[in-house]
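Have a look at the structure below before the remarks.
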Amino acid sequence: MSSTDSSAARELPLLLGAGRGTPESLMLLGAPDADGVVHVRTWTADDWGAPPRTSAERAETLLKWLEVQEHAGRTMNQSPYTVRLWLRGEGGAPR
321 MSSTDSSAAR
331 ELPLLLGAGR
341 GTPESLMLLG
351 APDADGVVHV
361 RTWTADDWGA
371 PPRTSAERAE
381 TLLKWLEVQE
391 HAGRTMNQSP
401 YTVRLWLRGE
411 GGAPR
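This note's numbering applies: residue 321 is where the sequence shown begins, and numbers increase by one.
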């Protein structure tokens with residue numbers, strides 16, 4: 321297995337539907353590290369071909385934000401349960 325394959329297996333792809341004034345987004349969520357930090361790469365429908373916006377987020381903060389987005393009506397390609405397990409470090413590799 322190449323290093324690219326192993327890093328891809330450690331990211332959860334999350335397609336977040338458009339919301340009020342926000343475009344559809346693709347987020348690749350890294351597995352949380354020992355300190356609960358998640359590395360995130362994000363692209364938006366405004367420019368899918370652009371380099372990703374990268375950030376490091378606290379897993380619990382990101383989970384709360386995603387729950388707010390869902391309650392606001394944004395769709396996700398992953399179940400809230402899957403996202404919750406992933407961000408708590410309890411989820412396996414995405415399917």
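Built from N, CA and C at the ideal position, the CB exists for glycine as well.
Bear in mind the structure is a predicted one, so any value in this text is a computation, not a measurement.
Cβ shell of residue i (< 8 Å), same chain only, five flanking positions each side left out
i       : result
Gly-339 : Gln-389, Ala-392, Gly-393 and Arg-394
Val-357 : Ala-376, Glu-377, Arg-378 and Ala-379
Leu-382 : Leu-349, Val-358, Val-360 and Leu-407
Cβ-based neighbour list, residue i, same chain, cut-off 7 Å, excluding 5 preceding and 5 following
i       : result
Asn-397 : Leu-334 and Leu-335
Assigned secondary structure, residue i (DSSP; H/G/I helix, E/B strand, else coil)
i       : result
Pro-333 : strand
Arg-373 : strand
Arg-408 : coil
Trp-368 : coil
Thr-381 : helix
Thr-395 : coil
Proximity winner among the options, relative to residue i (alpha-carbon distances)
i       : options                               : result
Gly-341 : Val-360, Ala-365, Ser-399 and Pro-372 : Ala-365
Thr-362 : Ala-354, Asp-355, Pro-343 and Pro-352 : Pro-343
Met-347 : Gly-409, Gly-411, Trp-368 and Tyr-401 : Trp-368
Leu-349 : Thr-374, Glu-387 and Lys-384          : Thr-374
Trp-406 : Ser-345, Gly-337 and His-359          : His-359
Unbroken beta strand (DSSP E) run spanning residue i, endpoints
i       : result
Gly-350 : 345-350
Close Cβ partners of residue i (< 6 Å) along its chain, the five nearest in sequence each way excluded
i       : result
Gly-411 : Leu-405
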